[in-house]
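Residue numbers (the working numbering): 19 to 397.
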């Protein structure tokens, strides 16, 4: 396992400041920060980012992207998350679907989807988890049956972020039955239009009534042959590679950063006591360590490596830390929240209390991630 220390080049530092200047100009004075990738779904903002070349940064120019590095994308993403910018429309397609299409997609798929993703105009969800198959993706029951010209898909996916507003999702499903107990064989990925006949989307609301997750039922949904992503039966290995993009980025440790920032603005003034200084110092040190680990993974990706074990560890540590930030700040604030008169800090804290339990579930539970890390270490 390798987490090599790295520093930013002058060009990379300049990019960071360029993004900060953009956010200062584009986000209104009364901007209400979002928490991580569950922030507001704002197509106009996504298109503005795309206009600056900050969506689809890793997509090659021949497909409408910028051909930038994983580190460049890391820096842009870090600044957007720290500001709580409204990134939900483009985020999954930019982070995960675009690179997956580059690795496994056909030329026709790349030509059709990648320019739209890079323009911030094509939005994707993920179709992995199921009611009885969370991180154990080899047990998925959604099945695709071969029919003339394509596949008929039946099954249910859950925790499908933003499916009610996005255009497509990539569905992991079984295209051939399990043989000899080999559950990882016979799985494939299909690109499914979320507006197709037979697709039914139902909200899974949070306790406060807000809505980000969905249940998606597929009832004899037709998917043409040209929407098979990658090789039939190779879905397991493709998803495993794909998760390295999902697990290692700043979105796995910065989701609750706006809560800490508003805590500092509202509650930690010049007369802060030693206990408050201790809380802020401890959390800041943890943020810096996680940032260095995550940045190291980005450098490895740029070097052509496949740091799947390192990515799993970043997510396991990072998502637990995101939850810890909420509990530490809540205890330090010593406040009772009045929903009718909550400050911005109190509003964000209440949202984080409700939503942070999902952080250690999405993208693989901590138990699964520890198994990945242990196997990678040969233990």
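Yeah, the Cβ is synthetic: ideal placement off N, Cα and C, and Gly gets one too.
Predicted model only: the values in this text are computed from it and were never measured.
In this structure, residue 79 keeps its C-beta atom at 8 Å or more from the C-beta atom of residue 71.
With a minimum length of 3 residues, the unbroken runs of beta strand (DSSP E) contained wholly in the region 218-303 fall at 229-242.
Assignment of residue 41 by DSSP, reduced to helix, strand and coil, places it in the helix class. The straight-line gap separating the alpha-carbon atoms of residue 213 and residue 280 is approximately 39 Å. DSSP places residue 188 in the strand class (E or B) of the three-state scheme. As DSSP reads the structure, residue 207 sits in a beta bridge with 190, 247.
Burial is judged here by how many other beta carbons sit within 10 angstroms of a residue's own beta carbon; residue 123 has at least 16 and is buried. In the three-state DSSP reduction, residue 158 falls in the coil class, being neither helix nor strand.
For residue 35, the number of other beta carbons within 10 angstroms of its own is below 16, and it is reported as exposed.
When the beta-carbon positions are compared, residue 313 and residue 95 stay at least 8 Å from each other. Within the DSSP secondary-structure output, residue 144 pairs in a beta bridge with 188. The criterion of a C-beta distance shorter than 8 Å is satisfied by residue 187 and residue 145. Cβ-Cβ separation between residue 56 and residue 137: approximately 23 Å, too far for a contact (criterion under 8 Å).
DSSP lists no beta-bridge partner residue for residue 115. Between residue 253 and residue 206, the gap from beta carbon to beta carbon is short of 8 Å. Assigned with DSSP and collapsed to three states, residue 306 falls in helix. In this structure residue 97 is buried. Its beta-carbon is surrounded by 16 or more other beta-carbon atoms within 10 angstroms.
When C-alpha distances from residue 344 are compared across 327, 129, 363, 330, the shortest belongs to 363. Boundaries of the beta strand (DSSP E) around residue 175: 168-175.
Between the alpha carbons of residue 50 and residue 43 lies a distance of about 15 Å. Of the residues 337, 140, 191, 340, the one whose Cα lies closest to the Cα of residue 257 is 191.
Taking C-alpha positions only, residue 171 is separated from residue 39 by approximately 46 Å. Between the alpha carbons of residue 149 and residue 181 lies a distance of about 16 Å. CA-CA distance, residue 202 to residue 147, rounds to 15 Å. Here residue 330 really is in contact with residue 265; their C-beta atoms are around 6 Å apart, less than 8 Å. Nearest neighbour of residue 316 by Cα position, chosen from 53, 237, 217, 328, turns out to be 328. Rounded to whole angstroms, the Cβ separation of residue 104 and residue 52 is 6 Å, and the two are in contact under 8 Å. For residue 46, the closest C-alpha among the options 33, 240, 63, 82 is that of 63. Considering only 194, 65, 239, 89, the residue with the shortest C-alpha distance to residue 76 is 89. Residue pairing by DSSP puts residue 163 in a beta bridge opposite 170. Taking a C-beta distance under 8 Å as the contact criterion, residue 33 and residue 93 qualify as a contact pair. A distance below 8 Å between beta-carbons, with the five flanking residues on each side excluded, links residue 185 to the following residues of its chain, in chain order: 140, 141, 142, 211, 212, 213. With contacts defined by Cβ atoms closer than 8 Å, residue 372 and residue 225 form a contacting pair.
If you check the CB distance, residue 135 and residue 74 come in under 8 Å. Three or more beta-carbon pairs drawn from the region 332-340 and the region 304-313 are found closer than 8 Å, and the two stretches are therefore classed as touching. Put simply, of 60, 239, 31, 129 the residue whose alpha carbon is nearest the alpha carbon of residue 91 is 31.
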